[in-house]
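Novice:
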Amino acid sequence: MDLFPPVAATPFLFADTLPTLVRVIDTETAGQRLEEDAVIEIGSVDLDLANGAILNPLQTLCDPAGVEINPHARRVHRISDEMLAGAPPFAEAIGPFLGAPTFAAQRASFDRSRLRFPGRWLCTYKLALRAFPQVRAHGLQSLVKYVPLDLSPVSGLLADLHPHRALYDAVCTAVLLREIANVLMPRCAGVEDFLERAHRVSNEPALLARLRFGRHKGVVLAEVPTDYLEWLVAEPGMEADAVYTARHHLERRVMRGLRALAPEARLEG
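Following the numbering used here, the numbering of the sequence shown begins with 16 at its first residue and continues without gaps.
Encoded structure:
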């Protein structure tokens, strides 16, 4: 089912007056396996979908409670044990970040599993696949580069930070969500409708733009032959995102009365 079908009427993004704050959040961890991992940094900003403002930056380091930082993770986020000296414990550090009705994160399942905050969660990775299927990679920094995202208006929030620090990534994710909303919101009946649809998309498998394996690796899904999609759906053990995406395209082809490949098909999911 296409949760963001094009519509004739296109309401302007910032015309809605409903409470529309989304807390965009990011975590950095010690990089261990989930059951042994520890959050060592949290960063967030609020995105106001009523006017596009990005505000209320929050950041804290967290005491990892004896969990050692994986060397690979340390190389990525550059957070050292010395920097964590005197940091508050996780249970104390999360207080200021709680209370938002809607949270958003890139790869939200990761951050949600570690923070366990109640509320509605949006996944900007899954939403970006819908809004920007033409981009070849949907990691955060790839989206910044190739959408592209203009970070100059938020340069003050990014000062003295770098990618893979929690606040830096939260700010970039907020800019991304704002651009996603600019693309997808005109297909919705206002901000709340957008948030509800975005929440549904975020709780489904990802609708991939391209296959990530096999003889059609890297090929746009709309151009993959029908018989290969049927094989993919029937084959045991395939990854959930690939099966979900294959089913989506098979259903669309059936609805269009197609059994052969439609050369001009375009991924609109």
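Heads up, the beta-carbon is just placed ideally off N, CA and C, and yes, glycines get one too.
1) What distance in whole Å lies between the Cβ atoms of residue 121 and residue 42, which are believed to be in contact at a cut-off of 8 angstroms?
2) Under a Cβ-count criterion, where at least 16 other Cβ atoms within 10 Å of its own Cβ denotes burial, should residue 19 be classed as buried or exposed?
3) Quick check: what's the CA-CA separation for residue 96 versus residue 74?
4) Pick helix, strand or coil for residue 60, following the three-state DSSP scheme.
5) Which partner residues does residue 54 have in the DSSP bridge list?
6) Helix, strand or coil for residue 132? Go by DSSP, reduced to three states.
7) Checking 9 angstroms against the spacing of the C-beta atoms, do residue 108 and residue 82 come in under that value?
8) So residue 256 packs on residue 220, CB below 8 angstroms; how close in whole Å?
9) Unbroken beta strand (DSSP E) runs of length 3 or more, entirely within the stretch 128–194: which are they?
10) In whole angstroms, give me the CA-to-CA distance for residue 176 and residue 248.
11) Would you report the Cα separation of residue 145 and residue 113, rounded to the nearest angstrom?
12) Does any C-beta atom of chain C lie closer than 9 angstroms to the C-beta of residue 217?
13) Cβ atoms of residue 186 and residue 147: under 9 angstroms apart, would you say?
14) Going by DSSP, what residue range makes up the alpha helix (DSSP H) through residue 105?
15) Taking its Cβ as the centre, do 16 or more other Cβ atoms sit within 10 Å of residue 167, making it buried, or is it exposed?
16) Would the beta-carbon of residue 190 fall within 9 angstroms of that of residue 69?
17) Per DSSP, residue 37 is paired with what?
Specialist: So, from the data block:
1) Reading the sequence shown from its first residue, position 27 is the one you call residue 42. Reading the sequence shown from its first residue, position 106 is the one you call residue 121. At roughly 11 angstroms, the Cβ-Cβ gap does not stay under 8 angstroms, so residue 42 and residue 121 are not in contact.
2) Position 4 of the sequence shown, counted from the start, is the residue given in the question as residue 19. Buried, because 16 or more other Cβ atoms sit within 10 Å of the Cβ of residue 19.
3) Stepping through the sequence shown from its first residue, residue 96 is reached at position 81. Stepping through the sequence shown from its first residue, residue 74 is reached at position 59. Those two C-alpha atoms are separated by around 17 angstroms.
4) By one-based count along the sequence shown, residue 60 stands at place 45. Residue 60: strand per DSSP, three-state reduction.
5) Position 39 of the sequence shown, counted from the start, is the residue given in the question as residue 54. The partner list for residue 54 (beta bridge, DSSP) reads 44.
6) Within the sequence shown, numbered from 1, the residue matching residue 132 stands at position 117. It is coil, neither helix nor strand.
7) Residue 108 sits at position 93 when you count from the first residue of the sequence shown. Residue 82 sits at position 67 when you count from the first residue of the sequence shown. Taking 9 angstroms as the Cβ cut-off, residue 108 and residue 82 do not qualify as a contacting pair.
8) Sequence index remark: in the sequence shown, residue 256 carries index 241 (1-based). Sequence index remark: in the sequence shown, residue 220 carries index 205 (1-based). Confirmed, about 5 angstroms.
9) Entirely contained in the stretch 128–194, the beta strand (DSSP E) runs reaching 3 residues are, in chain order, 135–138.
10) For the purposes of this step, residue 176 is identified with residue 161 of the sequence shown, where counting begins at 1. For the purposes of this step, residue 248 is identified with residue 233 of the sequence shown, where counting begins at 1. The straight-line gap from Cα to Cα measures roughly 44 angstroms.
11) The residue labelled residue 145 in the question sits at position 130 within the sequence shown. The residue labelled residue 113 in the question sits at position 98 within the sequence shown. Distance from the CA atom of residue 145 to the CA atom of residue 113, rounded to whole angstroms, is 28 angstroms.
12) Included in the structure is just one protein chain, with no chain C present.
13) Within the sequence shown, the letter at position 132 stands for residue 147. Within the sequence shown, the letter at position 171 stands for residue 186. No.
14) Position 90 of the sequence shown, counted from the start, is the residue given in the question as residue 105. Following the DSSP letters along the chain, one finds residue 105 inside the alpha helix (DSSP H) bounded by residues 105–108.
15) Taking the sequence shown and counting its residues from 1, one reaches residue 167 at position 152. Classification for residue 167: exposed.
16) Working through the sequence shown from its first residue, we reach residue 190 at position 175. Working through the sequence shown from its first residue, we reach residue 69 at position 54. Cβ atoms of residue 190 and residue 69: closer than 9 angstroms.
17) One-based indexing of the sequence shown puts residue 37 at position 22. In the DSSP output, where bridge partners are listed per residue, residue 37 has 62.
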